[in-house]
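Take a look at the structure below.
Numbering (the numbering used here), first residue to last: 35 to 131.
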């Protein structure tokens, strides 16, 4: 899965004008989104899904592990959301946050 850098759309005349849509997610947020949709990716799959280099993905994964947002799985280099992050996500889906 790749994320585009920007999408530009135009319409002629004064009807719509010109606007740019740019991604609002940080690489960390994209990574967490990937883990919500596809639990257990490897570091390489995370890098491919976010468009980051392997070293950049490793640095972000390290920070998210330190913050207890994601955890390393039993199989080396496979990652999942932490129990606390899963609980927060479920509360958000229910509108409790």
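Built from N, CA and C at the ideal position, the CB exists for glycine as well.
Same chain, Cβ closer than 6 Å to residue i, neighbours up to 5 away in sequence not counted
i: residue 81; result: 88 and 91
i: residue 68; result: 83
i: residue 45; result: Unreliable positioning characterises residue 45 in this predicted model, as indicated by a pLDDT of 43, which lies under 50. The coordinate reading is nonetheless provided below. Cβ within range, chain order: n/a, list empty.
Residue burial classification, residue i (beta-carbon count within 10 angstroms, cutoff 16)
i: residue 130; result: exposed
i: residue 124; result: exposed
Pair within 7 Å by beta-carbon distance, residue i and residue j
i: residue 103; j: residue 65; result: no
i: residue 105; j: residue 116; result: yes
i: residue 107; j: residue 85; result: no
Same chain, Cβ closer than 8 Å to residue i, five either side skipped, listed in chain order
i: residue 198; result: Outside the shown range of the chain, which is 35 to 131, sits residue 198, and nothing can be said about it.
i: residue 97; result: 62
Endpoints, beta strand (DSSP E) assigned at residue i
i: residue 106; result: 104–106
i: residue 59; result: Segment: none, residue 59 is in no beta strand (DSSP E) and carries neither H nor E.
i: residue 111; result: Element bounds for residue 111: n/a, residue is neither H nor E.
Limits of the alpha helix (DSSP H) - the one that residue i falls within
i: residue 77; result: 77–84
Residues near residue i by beta carbon distance below 7 Å, same chain, minus five either side
i: residue 51; result: Any reading at residue 51 must be qualified, since the residue scores a pLDDT of 49, below 50, and its modelled position is unreliable; the value itself is stated next. Nothing listed; no residue qualifies.
i: residue 36; result: Legend: pLDDT at residue 36 = 41, less than 50; position of this residue unreliable, value from coordinates given subsequently. Contacts found: 85.
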